[in-house]
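Trainee:
Residue numbers (full-length UniProt numbering): 1 to 151.
1) Flag this pair as touching only if the segment 115-128 and the segment 43-59 have three or more C-beta atom pairs under 8 Å; answer yes or no.
2) When DSSP builds the beta bridges, which residues end up paired with residue 73?
3) Do you know how far the Cα of residue 22 is from the Cα of residue 106?
4) Who are the Cβ neighbours of residue 94 in its own chain at under 7 Å, not counting the five residues just before and after it?
5) Just to confirm, are residue 63 and residue 76 a CB contact at a threshold of 8 Å?
6) Output the distance between the C-alpha atoms of residue 104 and residue 70, rounded to the nearest integer angstrom.
7) Would you kindly check if the distance between the Cβ of residue 39 and the Cβ of residue 99 is under 8 Å?
8) On a Cα-Cα basis, can you pick out the residue from 35, 60 and 41 that is closest to residue 115?
9) Contact defined as beta carbons within less than 8 Å: I believe residue 131 pairs with residue 110. What is the distance between those atoms, to the nearest angstrom?
10) Can you name the start and end residues of the beta strand (DSSP E) that residue 129 belongs to?
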């Protein structure tokens with residue numbers, strides 16, 4: 001079952017189109033197509049994550065990390081290979097790739113580092129102060145009456 005009817009969601013909610021789009025994107029995603037390069041996603045804190053991508057054979061200049069429209073794009077293009085090399089066996093894949101990760105609201109990339117054949121991209125969720133829960137003081141009815149009399 002790959003099709004979901006989102007009509008009840010649209011009838012009962014406003015502004016949740018992103019959820020429907022996300023589910024549609026996940027359900028139509030071809031899983032067998034994107035196996036290269038291998039990657040890990042780890043939780044580094046309550047509001048922090050690290051994406052580690054195996055990029056053996058690529059230099060810093062050949063890697064590109066950018067965020068656009070709430071999507072993290074990691075891509076690599078190998079510079080022109082030296083034609084003078086003759087390989088007897090070539091097991092290290094250095095083909096070009098592009099890997100995309102959808103980011104939730106308020107998640108931003110804090111940095112990227114390339115070390116030991118791994119590209120590490122750190123992410124953190126930064127919820128704006130206006131969206132954080134806040135405690136509302138409950139006024140006593142005597143205070144309200146006193147303010148009304150003063151007015």
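All C-beta atoms in this analysis are idealised placements derived from N, C-alpha and C, irrespective of residue type, glycine included.
Mentor: With the structure as the only source:
1) yes
2) 66 and 100
3) 16 Å
4) 57, 58 and 78
5) yes
6) In a straight line, the C-alpha of residue 104 is about 7 Å away from that of residue 70.
7) Closer than 8 Å, so yes.
8) 60
9) That pair is no contact at about 19 Å.
10) Counting along the chain, residue 129 falls outside any beta strand (DSSP E), and DSSP gives it neither H nor E.
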